[in-house]
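**Q** Just add 26 to wherever you are in the sequence shown, counting from 1, and you've got the numbering used here.
Built from N, CA and C at the ideal position, the CB exists for glycine as well.
Remember, predicted model here, so these are calculated numbers, not experimental data.
Okay, handing you the structure first.
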Amino acid sequence: MLGTWGEVVASLPAGAERRKSDRFPIVRNLNYRLISGRRVLVTGKGETVDVSSKGVLFTAETPLPVGKRLELEISWPAQLDGKCALKLVARGKIVRCRDNRVAVAIEKYEFRTQASAKLPALKAS
């Protein structure tokens, strides 16, 4: 069982910084989508700098607008039952952006299994 986001993050080694919630220096690849309602405005790739139970700091390909909503898919370092790769899917609001470093306040999240490699398309016979 994975537990809550706070429990998962709390189980990671502590970083040096203290805020409302501890930040953990986890460097993972991620994909992001800037969203407005159901529309995807921008997509990109990045890398986490640190995570906490309340937010994520990451580097983006370009600066992103503060106040906009974002969806993140982060490759998670743990596996389900030691076998199945996981990703963290989180939605939140951009609260700060300096250069290409983006801070997101997490509003909603869930862990999902990562898709296995896609099989080649079958040819019609």
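Decide yes or no for the touch test of the segment 133 to 141 against the segment 74 to 92: beta carbon pairs closer than 8 Å, at least 3 of them.
**A** Contact between the segment 133 to 141 and the segment 74 to 92 is absent, because fewer than three Cβ pairs lie under 8 Å.
**Q** Could you tell me how far apart the beta carbons of W102 and L114 are, in whole angstroms, since I believe they sit closer than 8 Å?
**A** Right, the Cβ-Cβ distance comes to about 5 Å (below 8 Å), so this counts as a contact.
**Q** Once the 5 residues before and after R122 are set aside, which same chain residues still bring their CB inside 8 Å of it?
**A** If we look at R122 and ignore the five residues flanking it on each side, its Cβ neighbours are V92, V128, A129.
**Q** In the DSSP assignment, the beta strand (DSSP E) including R127 goes from what residue to what residue?
**A** 127 to 139 is the extent of the beta strand (DSSP E) around R127.
**Q** Any idea which residues DSSP pairs L96 with across the strands?
**A** Looking at the DSSP assignment, L96 forms a beta bridge with L60, G118.
**Q** Where does G41 sit, in a helix, a strand or coil, going by DSSP?
**A** At G41, the pLDDT of 48 sits below 50, so the modelled position is not reliable; the number obtained from the coordinates is stated separately. It is coil, neither helix nor strand.
**Q** For I61 and E99, what's the separation of their Cα atoms in angstroms?
**A** If I take the Cα positions, the gap works out to 13 Å.
**Q** Grab me the residues of A104's own chain with a C-beta within less than 7 Å of its C-beta, minus the 5 sequence neighbours each way, in chain order.
**A** Contacts found: L112.
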